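Below is one structure; the comments refer to it alone.
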Amino acid sequence: MARVRMSDVAAAAGVSTATVSMVLSGAGSDRISAQTQAKVREAAEAIGYAPNSVARSLRTRRTRMIGLISDTIATTPFAGRMLAGANDAARAHGHLVVLVDTDGDPAQERQAVEALTGQRVDAMVYARMWHQVVDAPAGLAEGSVFLDCRPAHGSWPAVVPDDRAGGVAATRELVAAGHRRIGYLDAPRGAGVVASGLRYEGYLQVLAEAGLTADPALHAHGETDAGGGRAAAGELLDLPADRRPTALFCFNDRMAMGAYTAAHHRGLRIPQDLSIVGYDDQQLIAAELDPPLTTVALPHYEMGRWAMEVALGERAADPAVPHRMPCPVIRRSSVGPPPPPPEG
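Residues are numbered in the numbering used here as their position in the sequence shown, beginning at 1, plus a constant of 2.
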């Protein structure tokens with residue numbers, strides 16, 4: 003079927019093509035009678051005329067599209083809530099999100115920036131799956147927004163989780179329950195994981211506030227998966243009974259899952275013998291463990307929405323200071339009071 007043109011609307015309404023253009027674009031329509039405007043709109047609807055979006059964008063210089071460049075968010079359910087937040091904010095303001103996943107490849111990032119620029123998107127959001135310090139892709143327009151990452155150089159609006167405050171909140175849960183020997187299962191040494199150091203700083207802050215001395219023997223490192231958590235927890239749970247932790251703060255929920263296994267293999271009950279707090283509130287892990295895991299939630303949805311609202315100009319942001327999004331504690335059943343001290 004041939005596309006309905008503006009000249010077809012003009013013929014159906016009995017007016018000039020110029021009149022149709024002014025009425026449907028709103029440009030100069032104040033010089034046209036209300037009766038004629040109504041006639042044009044009725045004719046356009048009757049014959050199914052749809053304005054050409056490319057031509058409209060050239061007139062208005064807005065395409066109502068926002069480009070979102072990410073590493074692997076679209077293929078990772080764990081971080082998919084960022085996309086949900088960004089999409090909801092865009093849709094609420096009449097915009098469409100154009101997503102490009104690059105797998106973190108700098109060459110693909112440059113191509114994505116070029117392609118989205120060629121599509122005349124109104125703005126861009128640059129996202130990473132986990133909190134990182136990154137170099138901006140070549141050609142990224144000023145005013146683009148960084149999501150779950152912050153730029154190494156330059157001033158750009160950015161939103162990241164407040165991982166230091168999250169470490170504080172997690173450790174306070176354990177101190178409030180009465181624990182004094184609290185282990186921290188950390189990411190591998192030298193891995194360059196920004197969140198690792200920030201969460202550890204929060205852990206140390208709470209120990210100091212509680213008058214507790216940080217014991218280096220209670221700081222274990224491992225891969226950030228269940229196997230790494232199991233091995234790191236095993237190191238701490240095999241310490242002599244008087245030095246063994248009564249609680250563990252884990253870098254993420256996958257490490258916490260491994261810590262559950264290490265505890266069970268040693269005949270320790272959770273939380274009667276060992277309390278555990280995770281981080282991320284990861285789907286299919288935290289709420290499904292037995293007992294369900296108390297954890298600190300990463301605010302993926304909220305960060306995605308914030309970034310998109312800034313990109314749309316609906317929210318102000320200081321490009322010189324990353325916005326730190328609060329990470330709330332999700333209380334379940336893995337934290338209890340410490341067990342009685344060993345006899346003798």
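Here a beta-carbon is modelled for each residue, glycine too, at the ideal position from N, C-alpha and C. Model, not experiment: these values are computed from the prediction.
Note that the segment 232 to 251 does not touch the segment 287 to 297; fewer than 3 beta-carbon pairs, one per stretch, sit closer than 8 Å.
Taken in chain order, the complete alpha helix (DSSP H) segments of 4 residues or longer contained in the segment 137 to 183 are 165 to 178. Put simply, the segment 168 to 184 does not touch the segment 127 to 146. Fewer than three CB pairs are less than 8 Å apart. Under the three-state reduction of DSSP output, F80 falls in the helix class. Between the segment 186 to 193 and the segment 146 to 164, the count of Cβ pairs shorter than 8 Å is below three; the stretches do not touch.
The criterion of a C-beta distance shorter than 7 Å is satisfied by P330 and A299. Taking L270 as reference, the option from A243, A318, A46 with the minimal CA-CA separation is A243. Runs of the beta strand (DSSP E) lying entirely within the segment 88 to 118 and spanning at least 3 residues, in chain order: 98 to 103.
The three-state secondary structure of G120, taken from DSSP, is helix. Per DSSP, G69 is not a residue of any alpha helix (DSSP H); the beta strand (DSSP E) it occupies stretches across 67 to 72. In the three-state reduction of the DSSP assignment, V11 falls in the helix class.
Leaving aside the five residues that flank L98 on each side, the residues in its chain whose CB is nearer than 8 Å to its CB run, in chain order, R66, M67, I68, A92. Between S277 and R182, the alpha-carbon positions lie close to 12 Å from each other. The beta-carbon separation of A160 and H325, rounded to 7 Å, stays under the 8 Å limit for a contact. For Y202, the uninterrupted alpha helix (DSSP H) run begins and ends at 196 to 211, by DSSP.
Non-local C-beta neighbours of R174 in its own chain, meaning closer than 6 Å and more than five positions away in sequence, comprise V208, ordered along the chain. Restricting attention to H133, L314, A249, the CA atom closest to the CA of P341 is found in A249. Setting aside the 5 residues that flank it on each side, A117 is surrounded in the same chain by V102, each with a C-beta closer than 8 Å to its C-beta; the list follows chain order.
Under the three-state reduction of DSSP, S336 is assigned to coil, being neither helix nor strand. Beyond the five residues adjoining it in sequence on each side, S23 comes within less than 7 Å, by CB distance, of M8 in the same chain, given in chain order. Straight-line measurement puts the Cα of A228 at about 8 Å from the Cα of A261. For D188, DSSP records a beta bridge to H223. Residue pairing by DSSP places V135 opposite R152 in a beta bridge. If you look at Y281, you'll find it in the beta strand (DSSP E) that goes 277 to 282. Inter-residue distance for I184 and Q110 is about 44 Å (C-alpha atoms, whole angstroms).
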